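The structure under discussion appears below in the form of C-alpha cells.
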Amino acid sequence: MSDTQWTVYEVFHQQARGEPHVHVGSVHAPDAESGLILAKEQFGRRQACVNMWVVRADAITASAYADADIFQHGTDKSYREAFGYETTRRAREIGDSQEI
Amino acid sequence: MAVALSETELTGDRRSAIIDLLYRLADDSLIIGHRESEWTGLGPILEEDIAFSSMAQDKMGHALAFYTLLHELAEPNPNQLAFLRSASEFRCCAFVALESFADGQQSPPESLFNNPVRDRLVSQGDWALSCTRQFLFSEADAVRMAALETSSYEPLAQLARKFRGELKYHTMHGRMLIERLGAATEESRRRMSASVDTLFPYALGMFETTKWDKLLEAEGLAPAECTLCERWLEEVGPRLRAAGLEIPKNAEPVCGGRIGRHPAQLARLVDDIQQVRRLDPAASW
Chain A
1 MSDTQWTVYE VFHQQARGEP HVHVGSVHAP DAESGLILAK EQFGRRQACV NMWVVRADAI
61 TASAYADADI FQHGTDKSYR EAFGYETTRR AREIGDSQEI
Chain B
1 MAVALSETEL TGDRRSAIID LLYRLADDSL IIGHRESEWT GLGPILEEDI AFSSMAQDKM
61 GHALAFYTLL HELAEPNPNQ LAFLRSASEF RCCAFVALES FADGQQSPPE SLFNNPVRDR
121 LVSQGDWALS CTRQFLFSEA DAVRMAALET SSYEPLAQLA RKFRGELKYH TMHGRMLIER
181 LGAATEESRR RMSASVDTLF PYALGMFETT KWDKLLEAEG LAPAECTLCE RWLEEVGPRL
241 RAAGLEIPKN AEPVCGGRIG RHPAQLARLV DDIQQVRRLD PAASW
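If you read the protein sequences in the order shown, they are chains A and B.
Take the first sequence: its letters are residues 1 to 100, numbered as in the working numbering.
Take the second sequence: its letters are residues 1 to 285, numbered as in the working numbering.
Here you go:
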C-alpha cells in the first residue's frame with residue numbers, strides 16, 4: 001500500500017510587519033504552496049495575520065529533551081538579562097522623530 | 001451620507017434592477033455556502049474540511065450582507081428572506097444548488113445525522129465534484145465582484161471592495177486543488193475530468209441573462225452577464241487546460257434559476273435549512 005500520509009509543515013504566523021514569526025502549529029499538505037493555503041484557514045482565521053511561513057517539519061533539527069539541562073544556569077547570571085536598560089523607549093523616540 | 005443619498009435616488013426600474021441583482025448575489029452566496037458547509041466534519045482530510053467550512057462561513061457572511069442591503073431597500077429582513085421564502089422565490093442559479101453525489105444506484109445510506117444529504121455524503125459524496133465547483137464558482141465570484149467594485153450603486157461597491165481578500169483566497173484555494181488534482185493520479189484525473197464535464201453546463205448558467213442586463217450595464221450598476229462570462233472563461237479556460245482538463249465542447253448553459261425555475265435539489269435544500277424554523281415559526285432567535 002502506498003503512503004497516503006502527506007508531509008507535515010510547521011506553521012509560523014506574523015501578526016504585524018516587523019514582529020517575529022511565531023510557531024502556531026502544523027498542517028499536512030502535499031507541498032509547501034498548498035501547505036500555505038491550508039494553513040491560512042487553520043491558523044490565520046482568528047487572529048490578525050500579515051504573513052505566514054510553512055517549513056517542512058523534517059527540515060528542523062531539534063535538541064533532545066534529555067539535554068534540557070544544558071540550558072540551566074549553574075550560577076547566577078542575571079546580569080545577562082537586559083532589564084533596566086531604556087534602549088527600547090529611546091529607540092522608539094528616535095524612530096518617531098526621524099521616521100526611520 | 002453616501003448610503004442615504006443613493007437610496008433616495010432609487011426609483012422605478014433602476015430600483016427593481018438593483019433588487020433583482022442583490023437577490024441573485026445573496027441567494028447564490030447562501031446556497032453555495034450551505035452546500036459547502038454540508039462537508040463540515042466529512043471532508044476527506046482535516047485541513048480541507050476546515051478550509052471548506054471556513055469558506056462556507058465567508059459565503060454565509062456575504063449572503064447576510066446582501067440580504068441586509070435588500071432589507072435597507074424595504075425588502076423583508078435577512079431571517080425572513082432565508083427562512084420564510086419558498087424555493088421558487090429564490091434567484092440562485094442551478095449550479096450552486098447541485099448536490100455533490102457520485103452517479104449510479106447506491107444502497108440507501110446509514111442514518112447518522114438526521115439529515116439525508118449529509119448521510120449520503122458519508123458514503124456517496126463526490127469530493128471531486130465539490131472541488132471543481134469551488135474552483136469554477138470562486139473564479140466567477142471573483143470576476144463578478146471585481147467588476148462590482150466600481151458599481152454606481154455605492155453600497156454594493158463598498159461590499160465588493162470589502163470581500164476582495166476573502167474572494168482572492170477562495171480562488172487561490174480552488175486553483176490549488178485544480179492544478180494538483182487534474183494530474184495527480186489516474187483516478188484524480190478521471191474524476192476531475194468527469195466533474196468538469198458534468199458541471200460546465202450548469203456553471204455557464206451562472207451567467208444567465210436577465211431582463212435587467214441592459215439597464216444594469218447602461219447605468220453602470222453591473223456589467224452584462226455575457227461580459228462577465230467572457231472574463232470568467234479567460235480565467236478558467238487556461239487554468240483547466242494547464243491542469244490537463246478540457247472544457248466540454250458545445251456545452252449548453254442550464255438556465256432558469258434567475259426567474260425562479262430550479263432543480264428539485266434546491267427545494268430539498270431550502271426545506272433542509274428551514275426545518276428548524278418551521279418547528280416554531282413565532283420563536284425569537
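The beta-carbon is built from N, C-alpha and C at its ideal position, and this holds for glycine as well.
Given the structure is predicted, the values throughout are model-derived calculations rather than measurements.
| query | result |
| --- | --- |
| Hey, quick one: how far does the beta strand (DSSP E) through V24(A) stretch, first residue to last? | V22 to A29 |
| In the structure shown, what three-state DSSP assignment does N79(B) receive? | helix |
| Does the structure place the region 76-96 of chain B close enough to the region 162-179 of chain B that three or more beta carbon pairs sit under 8 Å? | no |
| If you check the beta carbons only, do L42(B) and V117(B) fall under 8 Å apart? | no |
| Would you kindly work out how many angstroms separate the C-alpha atoms of R14(B) and H71(B), rounded to a whole number? | 16 Å |
| Roughly how many angstroms separate the alpha carbons of S287(B) and A157(B), rounded to a whole number? | Since the first residue shown for chain B is 1 and the last is 285, residue 287(B) is missing from the structure and cannot be characterised. |
| For Y153(B), count neighbouring Cβ atoms within 10 angstroms of its own Cβ and tell me buried if that reaches 16, exposed if not. | buried |
| Using a 10 Å radius around the Cβ and a threshold of 16 neighbouring Cβ atoms, would you call L38(A) buried or exposed? | buried |
| Over what stretch of residues does the alpha helix (DSSP H) that includes T227(B) continue unbroken? | E225 to A242 |
| Given T210(B), which residues of its chain have a CB within under 6 Å of its CB, disregarding the five upstream and five downstream residues? | R258 |
| For a contact meaning CB atoms closer than 8 Å, what does A29(A) contact in chain E? | The structure shown has no chain E; the protein chains it does contain are A and B. |
| I need the DSSP call for R180(B), collapsed to helix, strand or coil. | helix |
| Is DSSP giving Q14(A) helix, strand or coil here? | strand |
| From A66(A), A62(A), A68(A) and D58(A), pick the residue whose C-alpha is nearest to that of Y9(A); which is it? | D58(A) |
| Is Y67(B) helix, strand or coil when you go by DSSP? | helix |
| Compute the distance between the beta-carbons of H28(A) and F12(A), then report whether it is under 8 Å. | no |
| May I ask you to list, following chain order, the residues of the region 157-182 of chain B that have a beta carbon less than 8 Å from some beta carbon of chain A? | Y169, M172, H173, M176 and R180 |
| Check each residue of the region 135-160 of chain B: if its Cβ is closer than 8 Å to any Cβ of chain A, include it; give the result in chain order. | none |
| Along chain B, which residues have their Cβ under 7 Å away from the Cβ of I37(A)? | M172, H173 and M176 |
| Of the residues L30(B), S111(B) and F66(B), which one's Cα is nearest the Cα of L266(B)? | L30(B) |
| Would DSSP call T7(A) helix, strand or coil? | strand |
| Could you check the C-alpha separation between E186(B) and E139(B) for me, to the nearest Å? | 25 Å |
| For the region 41-58 of chain A, which residues have a beta carbon sitting closer than 8 Å to at least one beta carbon of chain B? | E41, Q42 and R45 |
| Whole angstroms are fine: how far does the CA of T88(A) sit from the CA of T75(A)? | 28 Å |
| Give the straight-line distance between the Cα atoms of R17(A) and G44(A), rounded to the nearest whole angstrom. | 15 Å |
| With H, G and I counted as helix, E and B as strand and the rest as coil, what does DSSP make of M1(B)? | Annotation note: pLDDT 41 at M1(B) (below 50); position unreliable, no value reported. |
| Taking only beta-carbon atoms, is S26(A) less than 8 Å away from chain B? | no |
| Which residue marks the beginning of the beta strand (DSSP E) containing M52(A), and which one marks its end? | N51 to R56 |
| Consult DSSP for G125(B) and reduce its assignment to one of helix, strand or coil. | strand |
| Could you have a look at F83(A) and say whether DSSP puts it in helix, strand or coil? | coil |
| Determine, using beta-carbon pairs with one atom in the region 129-136 of chain B and one in the region 167-177 of chain B, whether at least three such pairs fall under 8 Å. | yes |
| Look up F101(B) in the DSSP assignment and say whether it is helix, strand or coil. | strand |
| Whole angstroms are fine: how far does the CA of G205(B) sit from the CA of A142(B)? | 16 Å |
| Nearest-angstrom Cα distance between P281(B) and E75(B)? | 19 Å |
| Suppose you measure from the CA of A183(B) to the CA of Y67(B); what does that come to, to the nearest Å? | 40 Å |
| Can you list, in chain order, the residues of the region 49-63 of chain B whose Cβ is nearer than 7 Å to any Cβ on chain A? | I50, A51 and S54 |
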